[in-house]
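In this note's numbering, the protein residues as written are 221 to 833.
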């Protein structure tokens with residue numbers, strides 16, 4: 221079930237990293253035909269695979285059927301993600317939504333439509349899987365209930381994104397400048413994200429339990445027993461609820477909520493019906509262990525850790541894509557939009573990072589937190605025998621193999637073996653706690669290193685040099701692609717070289733730009749400024765600077781162009797004319813007036829106090 225969380229987040233990443241291109245790969249009608257065909261093919265393939273597995277239910281061993289069914293669900297879910305990626309990147313479906321006012325004003329609405337499409341693909345998998353599920357696990361859950369339970373369990377993973385993006389869209393859509401200005405600044409955006417993240421973490425359980433249609437556990441024997449155990453453990457909570465996941469037929473329990481006022485203990489009907497009171501106590505003790513060991517808070521920190529990694533590596537990923545010559549050859553040979561190829565590669569890289577992090581880092585801590593929660597039973601009871609017998613019942617009732625591990629839990633056999641080691645030697649509990657603490661220390665140290673590296677890449681000199689190299693490579697790649705030559709590109713290249721004090725390269729780039737377009741005011745102005753103000757006297761040329769600045773001013777009378785003309789006149793000794801140009805620049809300026817006023821004062825001082833040679 222937890223794998224569904226991964227599929228939903230990957231689908232969200234696929235959608236959110238796509239940049240709609242100006243031209244779609246296919247016309248609207250062709251796109252519709254291809255969309256319908258791919259959906260039908262997906263349904264047929266999924267249907268045939270699960271029908272074949274259902275047909276084997278009477279002739280194969282249960283553990284083999286369990287393995288085949290689980291593998292089929294995984295494969296079909298991955299196919300659903302792949303089909304969704306084809307819709308976004310191959311059929312450019314989101315590009316057809318551009319131009320709609322509602323979607324431009326509140327982009328989250330469009331995103332919800334596409335996430336609903338992905339939910340539909342997974343619903344196809346669960347719809348077709350039901351009959352095989354029913355036969356293999358002897359379940360009497362209806363098809364509708366099976367599909368609805370899978371959706372209900374998985375969809376809340378999108379809740380933080382939905383609230384975060386939706387409220388941000390509403391703030392930006394409102395006619396108030398201050399909140400919009402704060403939210404669009406880097407500091408405001410970061411503060412909003414973290415404040416909202418913690419708010420959702422605290423209040424989210426209140427919304428989720430309503431979405432799951434949980435209801436309070438009625439007063440009676442089990443409620444009194446659970447309440448007594450929570451008082452004994454000094455655990456604060458808002459309520460004890462029935463968890464109707466898969467019709468309440470799973471033997472499971474849960475706890476959610478960082479603070480007591482919004483913390484809920486969840487139990488299923490099967491848990492209370494099949495387990496003995498002592499076994500129910502052991503399961504609740506396990507859930508209490510998650511709270512007492514602060515696992516829920518750590519999960520939030522792990523999510524922040526992923527954001528740090530994503531932030532630190534984003535520029536590096538972009539650089540690798542831009543610097544990759546095969547990418548440009550692929551674009552040139554296939555004719556596919558560069559935007560589609562670049563965003564597609566970026567999306568794959570981000571998804572790869574996400575899968576590696578959650579599969580190996582987050583998964584490692586989840587498994588060990590579960591084991592730590594198992595061992596917490598010893599804090600409340602003398603032994604873990606009821607918890608061991610609970611695991612054995614779960615294996616027997618669910619039909620799942622006791623030897624089957626997954627990325628977020630050790631297998632039942634492994635969990636039982638650990639508890640049996642603890643029964644023989646309680647020092648294993650202490651050893652595992654030490655292992656978790658050491659792992660957390662290593663993780664924190666690694667995140668500090670990644671965070672510092674990310675800061676340097678984005679704000680330090682290293683990042684500045686990488687950015688310059690990135691833009692240089694990007695411009696040069698564009699120049700190689702444009703066989704006719706583009707003065708603007710050479711002008712940008714000259715600006716880049718000028719900014720890093722590579723004057724010889726800057727002069728060469730500016731000259732090439734003017735050869736291609738002698739009337740480019742931007743290139744004329746910037747080249748003139750270099751010739752007039754260059755720190756290296758070798759590259760100063762007052763006469764040529766004045767000529768170029770005069771040509772630029774004849775084309776465009778903007779403040780910065782007039783300022784360059786004034787500077788060029790000044791270094792040629794024509795101070796009175798420089799003052800006139802500087803006054804015109806100051807008059808035309810609507811921003812940065814202090815600079816233009818300073819330039820005027822400099823020229824006036826030169827007039828009033830001439831240097832006599």
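C-beta atoms are modelled at their ideal positions from N, C-alpha and C, and glycine is treated no differently.
(request) Starting from residue 715, follow its DSSP beta bridges and name the residues at the other end. (result) Taking the chain shown and counting its residues from 1, the one referred to as residue 715 is at position 495. Paired residues: none, contrary to the question.
(request) Kindly list the residues whose CB is nearer than 7 Å to the CB of residue 344, restricted to its own chain and excluding five residues on each side of it in sequence; keep chain order. (result) Here residue 344 corresponds to residue number 124 of the chain shown, with the count starting at 1. The answer, listed in chain order, is 262, 263, 266.
(message) By alpha-carbon positions, which one of 480, 415, 230, 495 ends up nearest to residue 442?
(response) Position 222 of the chain shown, counted from the first residue, corresponds to residue 442. Of the listed residues, the one whose Cα sits closest to residue 442 is 495.
(message) As a quick exercise: from 230, 587, 617, pick the residue whose alpha carbon is nearest that of residue 628.
(response) Here residue 628 refers to the residue found at position 408 of the chain shown. The residue with the shortest Cα to Cα distance from residue 628 is 587.
(message) Using the three-state DSSP reduction, which class does residue 435 fall into: helix, strand or coil?
(response) Numbered from 1 along the chain shown, position 215 holds the residue referred to as residue 435. Secondary structure of residue 435 (DSSP, three-state): strand.
(message) Between residue 485 and residue 475, how many whole angstroms is the CB-CB distance? I'm expecting something under 8 Å.
(response) One-based indexing of the chain shown puts residue 485 at position 265. One-based indexing of the chain shown puts residue 475 at position 255. About 5 Å separates the two Cβ atoms, so the contact holds.
(request) Note down, in chain order, each residue of its chain lying with its Cβ closer than 7 Å to the Cβ of residue 389, except the 5 sequence neighbours on either side. (result) Indexing the chain shown from 1 puts residue 389 at position 169. Cβ neighbours of residue 389 beyond the five flanking positions: 326, 327, 328.
(request) To the nearest angstrom, report how far apart residue 731 and residue 744 are at their CA atoms. (result) Against the chain shown, residue 731 aligns to sequence position 511. Against the chain shown, residue 744 aligns to sequence position 524. Spanning the two alpha carbons is a distance of roughly 10 Å.
(message) So within the region 730-795, which uninterrupted alpha helix (DSSP H) runs reach at least 4 residues, ignoring any that extend past its ends?
(response) Positions of the alpha helix (DSSP H) runs, each at least 4 residues long and wholly inside the region 730-795, are given as 741-753, 762-775, 779-791 in order along the chain.
(request) Reducing DSSP to helix, strand and coil, say where residue 453 ends up. (result) Taking the chain shown and counting its residues from 1, one reaches residue 453 at position 233. Under the three-state reduction of DSSP output, residue 453 falls in the coil class, being neither helix nor strand.
(message) Which runs of the beta strand (DSSP E) at least 3 residues long sit entirely within the region 291-347? Give them in chain order.
(response) DSSP runs (the beta strand (DSSP E)) wholly in the region 291-347: none.
(message) If you follow the alpha helix (DSSP H) that residue 586 is in, where does it begin and where does it stop?
(response) Sequence index remark: in the chain shown, residue 586 carries index 366 (1-based). The continuous alpha helix (DSSP H) containing residue 586 extends over residues 583-595.
(request) Grab me the residues of residue 692's own chain with a C-beta within less than 6 Å of its C-beta, minus the 5 sequence neighbours each way, in chain order. (result) The residue given as residue 692 occupies position 472 in the chain shown. Cβ-Cβ distances below 6 Å link residue 692 to 716 in the same chain, with the five nearest sequence neighbours on each side left out; the list follows chain order.
(message) Assuming residue 756 and residue 718 are in contact, meaning their beta carbons sit under 8 Å apart, how far apart are those beta carbons, in whole angstroms?
(response) Here the question's residue 756 lines up with position 536 in the chain shown. Here the question's residue 718 lines up with position 498 in the chain shown. Contact between residue 756 and residue 718 fails: their C-beta atoms lie close to 11 Å from each other, not under 8 Å.
(request) Tell me, please, whether the region 414-433 touches the region 396-406 by the rule of three or more beta-carbon pairs shorter than 8 Å. (result) Contact between the region 414-433 and the region 396-406 is absent: fewer than 3 CB-CB pairs across the two stretches fall below 8 Å.
(request) Check whether the Cβ atoms of residue 233 and residue 571 sit closer than 7 Å, and answer yes or no. (result) Along the chain shown, read from residue 1 onward, the residue named residue 233 stands at position 13. Along the chain shown, read from residue 1 onward, the residue named residue 571 stands at position 351. A distance below 7 Å separates the beta carbons of residue 233 and residue 571.
(request) Please name the residue, chosen from 677, 811, 795, 807, that lies closest to residue 824 on a Cα-to-Cα basis. (result) As a first step, residue 824 is located in the chain shown; it is residue number 604 there, counting from the start. If we check each option's Cα against that of residue 824, 795 comes out closest.
(message) Among the candidates 506, 226, 465, 472, whose CA atom is the shortest distance from the CA of residue 594?
(response) Here residue 594 corresponds to residue number 374 of the chain shown, with the count starting at 1. Checking every option, the nearest Cα to that of residue 594 belongs to 506.
(message) Just list the residues that DSSP pairs residue 485 with in beta bridges.
(response) Indexing the chain shown from 1 puts residue 485 at position 265. Answer is 460, 475.
(request) Determine the extent of the alpha helix (DSSP H) in which residue 604 is found, giving its start and end residues. (result) Numbered from its first residue, the chain shown carries residue 604 at position 384. From DSSP, residue 604 is part of no alpha helix (DSSP H); its letter is neither H nor E.
(request) Give the DSSP-derived three-state secondary structure of residue 833 in the structure shown. (result) Along the chain shown, one-based indexing puts residue 833 at 613. Because the pLDDT at residue 833 is just 48, under 50, the model does not fix this residue reliably, and the value given afterwards should be weighed accordingly. Coil.
(message) Just to confirm my understanding: we take residue 308, look at its own chain, exclude 5 residues before and 5 after, and list those with CB closer than 8 Å. What are they?
(response) As a first step, residue 308 is located in the chain shown; it is residue number 88 there, counting from the start. So the list reads 234, 235, 238, 314, 334, once near-sequence residues are dropped.
(request) Would you check if the distance between the CB atom of residue 607 and the CB atom of residue 502 is smaller than 7 Å? (result) Looking up residue 607 in the chain shown gives position 387. Looking up residue 502 in the chain shown gives position 282. Yes.
(message) Please report the straight-line C-alpha distance between residue 310 and residue 226, rounded to a whole angstrom.
(response) In the chain shown, residue 310 corresponds to position 90, counting from 1. In the chain shown, residue 226 corresponds to position 6, counting from 1. Their backbone Cα atoms lie some 22 Å apart in a straight line.
(message) Could you tell me the alpha carbon to alpha carbon distance between residue 412 and residue 522, rounded to whole angstroms?
(response) As a position in the chain shown, residue 412 is number 192, starting the count at 1. As a position in the chain shown, residue 522 is number 302, starting the count at 1. Rounded to whole angstroms, residue 412 to residue 522 spans 19 Å at the Cα level.
(message) Please return the same chain residues whose Cβ sits closer than 6 Å to the Cβ of residue 826, not counting the five positions on each side in sequence.
(response) Counting from one through the chain shown, the residue named residue 826 turns up at place 606. By the criterion of a C-beta distance shorter than 6 Å, residue 826 is surrounded in its chain by 795, once the five residues flanking it on both sides are discounted.
(message) Quick check on residue 238: does DSSP put it in helix, strand or coil?
(response) Reading the chain shown from its first residue, position 18 is the one you call residue 238. Reduced to three states, the DSSP call for residue 238 is coil.
(request) Please check the pair residue 481 and residue 359, which I expect to be a contact at CB under 8 Å, by giving their CB distance rounded to whole angstroms. (result) The residue given as residue 481 occupies position 261 in the chain shown. The residue given as residue 359 occupies position 139 in the chain shown. In this structure, residue 481 and residue 359 do not form a Cβ contact; the two beta carbons are roughly 36 Å apart against a cut-off of 8 Å.
(message) Within 10 Å of its beta-carbon, does residue 697 have 16 or more other beta-carbons around it, so buried, or fewer, so exposed?
(response) In the chain shown, the residue the question calls residue 697 occupies position 477. Buried, by the Cβ-count rule.
(message) Can you confirm whether the region 629-648 touches the region 288-300 when touching is taken to mean that 3 or more C-beta pairs between the two stretches lie within less than 8 Å?
(response) Below 8 Å, too few C-beta pairs join the region 288-300 and the region 629-648 to call them touching: fewer than three.
(request) Using only alpha-carbon positions, find the residue among 577, 515, 535 that is nearest to residue 526. (result) To locate residue 526, count along the chain shown from 1; it is residue 306. Per the Cα distances, 577.
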